[in-house]
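Following: one structure in structure tokens, then a few remarks.
2 protein chains.
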Amino acid sequence: MASARRPTMTDVAREVGVTAKTVSRVLNEEGPVAPETRARVMEVVRRLGYQPNLMARNMRVGARDAAIGLVIPDMGNPFFGTVAGGIESAVRERGLTVIVGSSSETKELERSLVATFLARRVSALLVVPSATGDHRYLRAEREAGLPIVFLDRPAMGLAADCVVSSNREGAREGTAHLIAHGHRRIGFIGDLPATLYTRRERFQGYRDALAQAGLPFDKGLVETGHSAEAAAAAAERLLALPDPPTALFAANNFAATGAVVGLAKAGRKDVALVGYDDLPLAEVLDPPLTVVAQDPAGIGAAAAALVLSRLDGDRSRITKTLVPTRLIPRGSGELRPR
Amino acid sequence: MASARRPTMTDVAREVGVTAKTVSRVLNEEGPVAPETRARVMEVVRRLGYQPNLMARNMRVGARDAAIGLVIPDMGNPFFGTVAGGIESAVRERGLTVIVGSSSETKELERSLVATFLARRVSALLVVPSATGDHRYLRAEREAGLPIVFLDRPAMGLAADCVVSSNREGAREGTAHLIAHGHRRIGFIGDLPATLYTRRERFQGYRDALAQAGLPFDKGLVETGHSAEAAAAAAERLLALPDPPTALFAANNFAATGAVVGLAKAGRKDVALVGYDDLPLAEVLDPPLTVVAQDPAGIGAAAAALVLSRLDGDRSRITKTLVPTRLIPRGSGELRPR
DNA sequence: GTGAAAGCGCTAACAA
DNA sequence: TTGTTAGCGCTTTCAC
């Protein structure tokens, strides 16, 4: 039972007593074919279990692979999973499949994935850039007309389409919400590395809110942690400060999870908290978690729509799409300082 | 700036003044090539930005596509996302890429995804079967030697490798845990459709535990809901029963989330709860959520290992791998009935 | 309505 | 050490 050879179009043709080209015509519903010929072809196709070879077809047609390559940092992160789902369902109806790889947030892996995708001649590239990458190496591809869209974060050193959350405005709104409830010392727990685009933008939003309210910025209130565990420890450190914050702004889903855990461990139900990115159990926490909700499926859908229009020949200017966020007050953000 | 033609191996060869075959030899590090020729080839490759065309290579080599097709029900579900991540990292070092599609739990979509993958001549197929599917249509492929592994749920009507969680034993253990804490009326909230493999297995485990303890089975305590919202409503219905349960077993992550929400809405902190599948915030809930934790990355890794060994020619008998679960007592499962 | 020949980009099997 | 020829499975082009 060693891998049996799959039947080819020629096999089908021989069996029917016609030429490969005729079979091709039937299968692609192209040009005139006698109804009875068509029927006989279909019958043999079924009997032999013939499956057209897409690789061969694409090659001959000179078409690119009917796939789009997607690079995300981490599949297990539901944020990126949902983004990927949004993309997949949007492009599927166009007959495109999605090839994914995860970069684990390293530029080396990202680049090797991109190289694999390019070698496969994918029709388009969708990339969540890794934190420290540089994307000048994609310039030639872009100029050759390959649609490339960056997601969640813009490219570095390359002018290209991108679709991102309204990070800065969302973070500003979340922080302003805390300020509106009387807080003057607000801790910030951000992602790692601190140079990460989303981290920087959200940090700017945080500072915008402070500035708008005329509040001083205290570097000592800024903490960092990439995992929930690290964020929990960060929250505990902030609370242990001599002059601790009365509220926390957690700038991503892991940070929010960690902050909740950290507050719980410290037994502090009096500290206000706003998270960036919603969590499934947010409403049943004690207190229920106030968040700045992102729209991951919307980000995926927007990126997919952009890629499809580029594939359709849209040569208009490069765009930067901001997908809006939404503040959802649930309780934890409305606590007032003691 | 219409899609410029990518340089081919022949373009490189002409530029260097050699034959395509020589370039091929350099790029594949195959056979003897004069060092200076190699250097010149590499230089031109770089200058032209040449990218080998994998489609053409695979076709000529008669090799299948260096990709494995993965069908999952839903990318946004972190359970499947983590499974996918486990697979991807395991196969990447073998130079394989993962092509994913989501079936949305429908057999039609699953089948069309599988057809796409087969047309692409993927090297192997990894499928989380949709709830109601029938997989006899894959028999020919299996017999032709294509490695096919089913995940999370076994195939229907087809003898094939599969990797699943130890659903029945895990559910038995979770339920027995509740019984050990004095509960005699335990509600079951399961997935939809009720014919779903994991739902049936976990339900069996639930009944096993009851039987072992000599407790009666009450059909009225069995509820269903696919989403967290539906599960929350189910929990509320159960609690509103004339003779309500004192404990709940929620048979998947959405059910567990929903049960937590439902109990919170009803203001019931006295009802014991055990969830199947862990949740990120389980430990900070009030009370902290006791779960039967699955090992999604382990499931992915096991499936990947199996596929790789099949690709390496392992023709031994079909296997069914059970990935163990682990009971994590945190509080909600240890509440005693009033 | 159907077929014959050529070729997509690459490599296997030879030969030189 | 390098080149030549042929062909993977399909579609294009043109002929019948």
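First to last, the sequence lines map onto chains R and A.
Numbering-wise, our numbering puts 330 at position 330 of the first sequence, and it's gapless, one number per residue.
One gets our numbering by counting positions in the second sequence from 1 and adding 1000 to each.
We put the beta carbon where it would ideally sit given N, CA and C, even for glycine.
Can you name the start and end residues of the alpha helix (DSSP H) that residue i belongs to?
i	result
Phe1254 of chain A	1253-1265
Lys1320 of chain A	Taken as a continuous stretch (DSSP letters only), Lys1320 of chain A belongs to no alpha helix (DSSP H), being part of the beta strand (DSSP E) at 1320-1323.
Thr175 of chain R	167-180
Gly298 of chain R	296-311
Ala1247 of chain A	Looking at the DSSP string, Ala1247 of chain A is not in any alpha helix (DSSP H); the run it does join, the beta strand (DSSP E), is 1247-1250.
Ser112 of chain R	107-119
Looking at the unbroken beta strand (DSSP E) that takes in residue i, where does it start and where does it end?
i	result
Ala1084 of chain A	Ala1084 of chain A -> not in any beta strand (DSSP E); alpha helix (DSSP H) instead, spanning 1078-1092.
Thr1019 of chain A	Counting along the chain, Thr1019 of chain A falls outside any beta strand (DSSP E), and DSSP gives it neither H nor E.
Tyr276 of chain R	272-276
Leu125 of chain R	122-127
Phe188 of chain R	186-190
Arg1326 of chain A	1326-1328
Ala67 of chain R	65-72
Thr1290 of chain A	1290-1293
If you draw a straight line from the alpha carbon of residue i to that of residue j, how long is it in whole angstroms?
i	j	result
Leu158 of chain R	Arg136 of chain R	5 Å
Ser309 of chain R	Ile148 of chain R	12 Å
Ala1231 of chain A	Arg1237 of chain A	10 Å
Asp74 of chain R	Thr10 of chain R	43 Å
Pro129 of chain R	Ala297 of chain R	18 Å
Arg1047 of chain A	Thr290 of chain R	54 Å
Ala250 of chain R	Ala1144 of chain A	53 Å
Phe1150 of chain A	Thr8 of chain R	27 Å
Met1001 of chain A	Thr257 of chain R	Confidence in Met1001 of chain A is poor, its pLDDT being 35 and thus under 50, which makes the residue's placement unreliable; the coordinate value appears in the next sentence. Computed Cα separation, rounded: 47 Å.
Ile1328 of chain A	Asp1286 of chain A	15 Å
Gly300 of chain R	Val271 of chain R	34 Å
Thr340 of chain R	Leu215 of chain R	Since the first residue of chain R shown is 1 and the last is 338, residue 340 of chain R is not available in this structure.
Gln51 of chain R	Leu1070 of chain A	19 Å
Gly1031 of chain A	Ala1013 of chain A	17 Å
Thr116 of chain R	Ala302 of chain R	25 Å
Val1323 of chain A	Val1163 of chain A	7 Å
Ile189 of chain R	Asp1243 of chain A	47 Å
Thr319 of chain R	Asn1053 of chain A	30 Å
Arg153 of chain R	Glu201 of chain R	10 Å
Ala234 of chain R	Glu223 of chain R	6 Å
Would you call residue i buried or exposed, if buried means 16 or more other Cβ atoms sit within 10 Å of its Cβ?
i	result
Phe1217 of chain A	exposed
Leu241 of chain R	exposed
Ser3 of chain R	The predicted model places Ser3 of chain R with a pLDDT of 48, which falls under 50 and marks its position as unreliable; any figure quoted below should be read in that light. Ser3 of chain R comes out exposed.
Asn1167 of chain A	buried
Ser1089 of chain A	buried
Arg121 of chain R	buried
Arg1005 of chain A	exposed
Met55 of chain R	buried
Pro78 of chain R	buried
Arg338 of chain R	exposed
Thr1022 of chain A	buried
Met182 of chain R	Just to set this straight, residue 182 of chain R is Gly in the shown sequence, not Met. Gly182 of chain R should be labelled exposed.
Gly1313 of chain A	exposed
Asn58 of chain R	buried
Arg1336 of chain A	exposed
Ala228 of chain R	buried
Gly1017 of chain A	exposed
Glu43 of chain R	exposed
Determine the closest residue to residue i out of the options, with distance taken between C-alpha atoms.
i	options	result
Ser1332 of chain A	A:Leu1210, A:Thr1321, A:His1177, A:Arg1142	A:His1177
Thr1175 of chain A	A:Leu1248, A:Arg1338, A:Gly1145	A:Leu1248
Arg317 of chain R	R:Pro324, R:Leu306, R:Leu327, R:Gln294	R:Leu306
His226 of chain R	R:Arg207, R:Gly205, R:Asn252	R:Asn252
Ile179 of chain R	R:Lys265, R:Leu192, R:Arg207	R:Arg207
Ala1124 of chain A	A:Pro1052, A:Asp1134, A:Glu1141	A:Glu1141
Ile186 of chain R	R:Pro193, R:Leu138, R:Ala211, R:Gly133	R:Ala211
Gly267 of chain R	R:Leu239, R:Ala293, R:Val284	R:Leu239
Val61 of chain R	R:Leu327, R:Leu109, R:Ser24, R:Glu43	R:Ser24
Tyr1197 of chain A	A:Ser1165, A:His1181, A:Asn1058	A:Ser1165
Val284 of chain R	R:Arg330, R:Phe254, R:Thr224	R:Arg330
Gly1220 of chain A	A:Gln1204, A:Glu1108, A:Pro1245	A:Pro1245
Val41 of chain R	R:Leu192, R:Met59, R:Asn58, R:Ala20	R:Ala20
Ala131 of chain R	R:Val114, R:Gly86, R:Met156	R:Met156
Check whether the segment 266-275 of chain R touches the segment 91-106 of chain R, counting contact only when three or more Cβ pairs, one atom from each stretch, lie closer than 8 Å.
-> Pairwise C-beta distances place the segment 266-275 of chain R out of contact with the segment 91-106 of chain R, as fewer than three of them are shorter than 8 Å.
Evaluate the contact criterion for the segment 1024-1037 of chain A versus the segment 1070-1088 of chain A: three or more CB pairs, one atom per stretch, below 8 Å.
-> At 8 Å Cβ cutoff, the stretches do not touch.
Is the segment 1255-1270 of chain A in contact with the segment 1157-1174 of chain A, if contact means three or more CB pairs nearer than 8 Å?
-> No contact exists between the segment 1255-1270 of chain A and the segment 1157-1174 of chain A.
If we count Cβ pairs, one from each stretch, closer than 8 Å, do we get three or more for the segment 1053-1068 of chain A versus the segment 1106-1121 of chain A?
-> As far as the Cβ criterion goes, the segment 1053-1068 of chain A touches the segment 1106-1121 of chain A, which means the pair count is three or higher.
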